[in-house]
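Asks: Which chain is which? The protein sequence lines are A and B, in order.
Counted the way the numbering used here counts, the first sequence spans residues 16 to 327.
Counted the way the numbering used here counts, the second sequence spans residues 1209 to 1390.
Don't be surprised by glycine CBs; every beta carbon is placed ideally from N, CA and C.
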Amino acid sequence: MAAKWARKDLLGLETLSADEIGLILETADSFKEISQRPIKKVPTLRGQTIVLFFFEPSTRTRTSFELAAKRMSADIVNIQTSASSLTKGETLRDTARNIEAMKVNIIIMRHSSSGAPQLLAESVSPSIINAGDGSHEHPTQGLLDIFTIKEHKKKIAGLNVSIIGDIAHSRVARSNIWGLTKLGANVTVCGPATLMPPEIEKLGVKVTYDIKEAIEGADVINMLRIQLERQGQSLFPSIREYAMKFGLDADKMKYAKKDVLIMHPGPINRGVEITPEIADGPYSVILEQVTNGIAVRMAVLYLVSGVKERIE
Amino acid sequence: MKLREKAKVMDAGQIESAIVRIAHEIIENNKSVEGLAIVGIRTRGALLADRLAGKMGAIVDREIPVGALDITLYRDDLTDVAEQPVVHKTEIDFDIHDKVIILVDDVLYTGRTIRCALDALIDFGRPKSIQLAVLVDRGHRELPIRADYAGKNIPTSQKETVQVKMKEADGEDGVIVAEMEE
Chain A
16 MAAKWARKDL LGLETLSADE IGLILETADS FKEISQRPIK KVPTLRGQTI
66 VLFFFEPSTR TRTSFELAAK RMSADIVNIQ TSASSLTKGE TLRDTARNIE
116 AMKVNIIIMR HSSSGAPQLL AESVSPSIIN AGDGSHEHPT QGLLDIFTIK
166 EHKKKIAGLN VSIIGDIAHS RVARSNIWGL TKLGANVTVC GPATLMPPEI
216 EKLGVKVTYD IKEAIEGADV INMLRIQLER QGQSLFPSIR EYAMKFGLDA
266 DKMKYAKKDV LIMHPGPINR GVEITPEIAD GPYSVILEQV TNGIAVRMAV
316 LYLVSGVKER IE
Chain B
1209 MKLREKAKVM DAGQIESAIV RIAHEIIENN KSVEGLAIVG IRTRGALLAD
1259 RLAGKMGAIV DREIPVGALD ITLYRDDLTD VAEQPVVHKT EIDFDIHDKV
1309 IILVDDVLYT GRTIRCALDA LIDFGRPKSI QLAVLVDRGH RELPIRADYA
1359 GKNIPTSQKE TVQVKMKEAD GEDGVIVAEM EE
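Right, dumping it as structure tokens:
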């Protein structure tokens, strides 16, 4: 393995090389076994402190990061923004500087503004891990999706991956697109025109508005959640119409390959973007994605914690 | 820093007979192979473990469980090394609870690797006992650890390094003592 890890932070997959992504995936593969042991803990991050700084609700990602950190023996602190001094008018950077002053090693943050983790990464010495920023990137989700695909298909290069749903608001879509295209996959994005960002094809993806076209020939179908909380106005006539046109159901699965993988980053709106029979069906790897998330996050924590160069 | 080869202290034949001798000693010492399993430390200890399990299996005519342990995550010097070492897979597909574990490594030196391996092993359960087999014991222990089975004792100075080469990883078998050039 030629790649070396020299980044203090993980902000997105856009800036990573294919080798760096490969290193994270291989490291995660070694970490996966730890969660199957009777004693699910290694001493690697003993004495390191990790702050989880979530400005948006999260169950999966926060729990997954928390378990990953605990299984590596790190100490963790959760900051809930509703109970923090940000409600008293403190700026994000000041809050982060104060956390830094408490000698914290890693800050894992989720924020509704794209670029917020980058702002902190440039101003404080702890490693910043982006756990989702606005509609920009969600790198560990992208990585765990790619890890899950690789586990099943043994490769990424040459695979046809279709990402279907609300592309415009989805940081998961963007991290997947960056990661998959760097590793040589053919990515197709599909959704209603109102949920398709302009010029998305510049990222090297194929665009279609016809779900049949996205399903046919796909080795992997990644269904995105309809993000009702991020929509200022109504971008499609009704949930029901969306489900009919862009929801994955048994009828549309007739166009799929026999060995297709069905993925979803969660949380699922059952009956909207995916029907329960497909989400719980034989092609679905949705819960495997959750299991793999811990291994991928352990790998990321391991790699960034070893970087010695810090902002003074 | 360059390494200058000083002496070849074991060749392929000597490695082979050392493994055979250790295999016999383990069986004799433990009276039977019932409840016995072998775990090698990656990279070359795991390769030795595979060979040892093969020899022992042939002697007693039954398969001996064998696993591989990666100790990177247990190292006590992670804060000192320049960058994070690559983590390899730990593969122990059997329950170690109540088993006699033969822990295998290529070179026994300071004892710190073995200390890590003991910690790692115990996270998999509570073995009945752990015995240590090494191909080369070169002295200079920094911890109270000793080998139960050693292929060869090689007195060395701390300026020297001992390199075990194995066909599976290095293309040939052999043990070399080398010295760091100033």
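Compute the Euclidean distance between the alpha carbons of K56 (chain A) and G286 (chain A), then round it to the nearest angstrom.
Replies: Taking the straight line from one Cα to the other gives about 38 angstroms.
Asks: Name the residue from A:E303, A:I277, A:Q95 and A:T306 whose alpha carbon lies nearest to the alpha carbon of A294 (chain A).
Replies: Cα-wise, what sits closest to A294 (chain A) is A:I277.
Asks: Could you compute how far the alpha carbon of T196 (chain A) sits from the alpha carbon of D109 (chain A)?
Replies: The straight-line gap from Cα to Cα measures roughly 37 angstroms.
Asks: Counting only Cβ pairs nearer than 8 angstroms, list the residues of chain B close to F46 (chain A).
Replies: Here the neighbours are V1295.
Asks: Using a Cβ distance threshold of 8 angstroms, determine whether the region 1242-1261 of chain B contacts the region 30-39 of chain A, with at least three qualifying pairs required.
Replies: Counting Cβ pairs under 8 angstroms, fewer than three are found: no touch.
Asks: Decide if T1280 (chain B) is buried, meaning its Cβ has at least 16 other Cβ atoms within 10 Å, or exposed.
Replies: Result: buried.
Asks: Does the beta carbon of T1321 (chain B) sit closer than 8 angstroms to a beta carbon anywhere in chain A?
Replies: So, not an interface residue.
Asks: Are P47 (chain A) and A310 (chain A) touching if we call contact CB-CB under 8 angstroms?
Replies: Correcting the residue identity first, residue 47 (chain A) is Lys in this sequence and not Pro. Contact: yes.
Asks: What residues from the region 1330-1350 of chain B come within 9 angstroms of chain A, judged by C-beta to C-beta, listed N to C?
Replies: Per Cβ criterion, the list reads I1330, D1331, F1332 and G1333.
Asks: Please list, in chain order, all residues of the same chain as R1349 (chain B) whose beta carbon is under 7 angstroms from its beta carbon, the five residues on each side excluded.
Replies: Contacts found: T1318 and G1319.
Asks: Pull up the distance between the alpha-carbon of E231 (chain A) and that of D264 (chain A), whole angstroms please.
Replies: For E231 (chain A) and D264 (chain A), the distance between alpha carbons rounds to 14 angstroms.
Asks: Closest to H1305 (chain B) by CA distance: which of B:A1254, B:F1332, B:V1241 and B:M1264 is it?
Replies: Nearest of B:A1254, B:F1332, B:V1241 and B:M1264 to H1305 (chain B), Cα basis: B:F1332.
Asks: So, does the CB of Y1357 (chain B) fall closer than 8 angstroms to a CB anywhere in chain A?
Replies: It does not: the Cβ of Y1357 (chain B) has no partner Cβ on chain A nearer than 8 angstroms.
Asks: Who are the neighbours of T1298 (chain B) on chain A, taking C-beta pairs under 7 angstroms?
Replies: E48, listed in chain order.
Asks: Check whether the Cβ of T209 (chain A) lies closer than 8 angstroms to any Cβ atom in chain B.
Replies: Judged by the 8 angstroms Cβ criterion, T209 (chain A) is not in contact with chain B.
Asks: Starting from Q1222 (chain B), find everything on chain A with Cβ-Cβ shorter than 7 angstroms and list it in chain order.
Replies: Ordered by position in chain A, no residue passes the 7 angstroms Cβ test against Q1222 (chain B), which lies about 32 angstroms from the chain.
Asks: Residue range of the alpha helix (DSSP H) that E1387 (chain B) falls in?
Replies: Careful: E1387 (chain B) lies outside any alpha helix (DSSP H), inside the beta strand (DSSP E) at G1382 to E1389.
Asks: Using three-state DSSP, classify A18 (chain A) as helix, strand or coil.
Replies: DSSP places A18 (chain A) in coil when its eight states are reduced to three.
Asks: If you draw a straight line from the alpha carbon of I1234 (chain B) to that of S1225 (chain B), how long is it in whole angstroms?
Replies: The alpha-carbon atoms of I1234 (chain B) and S1225 (chain B) are separated by roughly 14 angstroms.
Asks: Who are the neighbours of W193 (chain A) on chain B, taking C-beta pairs under 7 angstroms?
Replies: Ordered by position in chain B, no residue passes the 7 angstroms Cβ test against W193 (chain A), which lies about 23 angstroms from the chain.
Asks: In this structure, does DSSP put G147 (chain A) in helix, strand or coil?
Replies: Looking at G147 (chain A) - three-state DSSP - the assignment turns out to be strand.
Asks: Under 8 angstroms between C-beta atoms, does E1376 (chain B) make it to chain A?
Replies: No, E1376 (chain B) does not count as interfacial toward chain A.
Asks: What residues in the region 1276-1289 of chain B bring their beta carbon closer than 7 angstroms to a beta carbon of chain A?
Replies: Cβ contacts with chain A: D1278, L1281, Y1282 and L1286.
Asks: Going along the chain, which unbroken runs of the beta strand (DSSP E) with 3 or more residues stay wholly within the region 117-146 of chain A?
Replies: Whole beta strand (DSSP E) segments, 3+ residues: 121-126.
Asks: For H167 (chain A), which residues in the same chain have their Cβ closer than 6 angstroms to its Cβ, ignoring the five residues on either side in sequence?
Replies: Around H167 (chain A): L276.
Asks: So who's on the other strand from Y1357 (chain B), going by DSSP bridges?
Replies: Looking at the DSSP assignment, Y1357 (chain B) forms a beta bridge with B:A1341.
Asks: Is it buried or exposed, L158 (chain A), if we count other Cβ atoms within 10 angstroms and call 16 or more buried?
Replies: L158 (chain A) is buried by the Cβ-count criterion.
Asks: Along chain C, which residues have their Cβ under 7 angstroms away from the Cβ of Q1292 (chain B)?
Replies: Included in the structure are the protein chains A and B, with no chain C among them.
Asks: Anything in chain B within Cβ reach of R52 (chain A), meaning under 8 angstroms, just list it in chain order.
Replies: Under the 8 angstroms cutoff, chain B gives D1331 and F1332.
Asks: In terms of alpha-carbon separation, which member of B:V1383, B:E1387 and B:E1389 lies closest to I1221 (chain B)?
Replies: One detail in the question is off: residue 1221 (chain B) reads as Gly in this sequence, not Ile. Comparing Cα positions, the closest option is B:V1383.
Asks: Give me the DSSP bridge partner(s) of S177 (chain A).
Replies: Bridge partners of S177 (chain A): A:T203 and A:I236.
Asks: Would you kindly report the start and end of the unbroken beta strand (DSSP E) that includes T64 (chain A)?
Replies: Where T64 (chain A) is concerned, the enclosing beta strand (DSSP E) stretches over T64 to F69.
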